Ligand SMILES: [Zn+2]
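In my numbering, the protein residues as written are 3 to 176.
(1) Sort out for me which residues DSSP pairs residue 87 with in a bridge.
(2) I need the residues with a C-beta less than 5 angstroms from some heavy atom of ligand 1; please give them in chain order.
(3) Mark residue 56 as exposed unless 16 or more other C-beta atoms lie within 10 angstroms of its C-beta, in which case mark it buried.
(4) Looking at the structure shown, is residue 95 part of a helix, part of a strand, or coil, going by DSSP?
(5) Assign residue 102 to one of two classes, buried (16 or more other C-beta atoms within 10 Å of its C-beta) or exposed (fewer than that).
(6) Do the stretch 104-120 and the stretch 45-56 make contact, defined as three or more Cβ pairs closer than 8 angstroms?
(7) Ignore the nearest five residues each way along the sequence and tell me which others in residue 27's own chain have a CB closer than 6 angstroms to its CB.
(8) Express the C-alpha separation of residue 119 and residue 74 in angstroms, rounding to a whole number.
(9) Hey, could you find the ends of the alpha helix (DSSP H) residue 136 is sitting in?
(10) Under 8 angstroms between the Cβ atoms of residue 59 and residue 96?
(11) Looking at the structure shown, is residue 175 part of a helix, part of a strand, or coil, going by DSSP?
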């Protein structure tokens, strides 16, 4: 059974309004393959701004994490994308930059593609639209019909990809 333990709470400056009203709650959570991860959830009592972040508990060096997605095995791998990570899928033209308002999250590789689809304009889902090809490409990738490479670059080393019998390459990032 996964175990969620409350580590503490602190009140810091809000990224949105700048007031020292942003209350962050930090938990430590045991996840298969990752051991311990930190989950931070925060809300500002002044402006209502909310933010979630995740990170591996053993924070590492700047790194680039590469996963070649060839089958369901890789699609089901767990991805911990921290707010400090840049995420790229070159074959699909996907790039998600880090930023102060970028949330961190844990999902599967397939889940990342669904998150990307949520941000695609609605008209692209219509079959005769110009951008429908892109949507179909991402859907094919999510169904295991197209191979691709997932690359995560994290200067704080707070992200990770883990899965059963999947080959994850980690390089030092300069
Ligand atoms: Zn605020």
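A virtual CB, placed ideally from N, CA and C, is assigned to each residue, including glycine.
Please read all numbers here as calculations on a predicted model, not as lab measurements.
From the atom records:
(1) For the purposes of this step, residue 87 is taken as the residue at position 85 of the chain shown. DSSP output for residue 87 lists 156 as bridge partner(s).
(2) Answer in sequence order: 16, 18, 19, 46, 48, 49 and 51.
(3) Mapped onto the chain shown, residue 56 falls at position 54. Flag for residue 56 reads buried.
(4) For the purposes of this step, residue 95 is identified with residue 93 of the chain shown, where counting begins at 1. Correct three-state label for residue 95: coil.
(5) The residue labelled residue 102 in the question sits at position 100 within the chain shown. Under this definition residue 102 is an exposed residue.
(6) Because the criterion of three Cβ pairs below 8 angstroms is met, the stretch 104-120 and the stretch 45-56 touch.
(7) As a working note, residue 27 is residue 25 in the chain shown. So the qualifying residues of the chain are 11 and 43.
(8) What you label residue 74 is simply residue 72 of the chain shown in a count that begins at 1. What you label residue 119 is simply residue 117 of the chain shown in a count that begins at 1. For residue 74 and residue 119, the distance between alpha carbons rounds to 19 angstroms.
(9) Locating residue 136 in the chain shown gives position 134, where the first residue counts as 1. Start and end: 134-144.
(10) Here residue 59 corresponds to residue number 57 of the chain shown, with the count starting at 1. Here residue 96 corresponds to residue number 94 of the chain shown, with the count starting at 1. Going by C-beta atoms, residue 59 is not nearer than 8 angstroms to residue 96.
(11) Along the chain shown, one-based indexing puts residue 175 at 173. In the structure shown, residue 175 sits in coil (DSSP, three-state: anything other than H, G, I, E or B).
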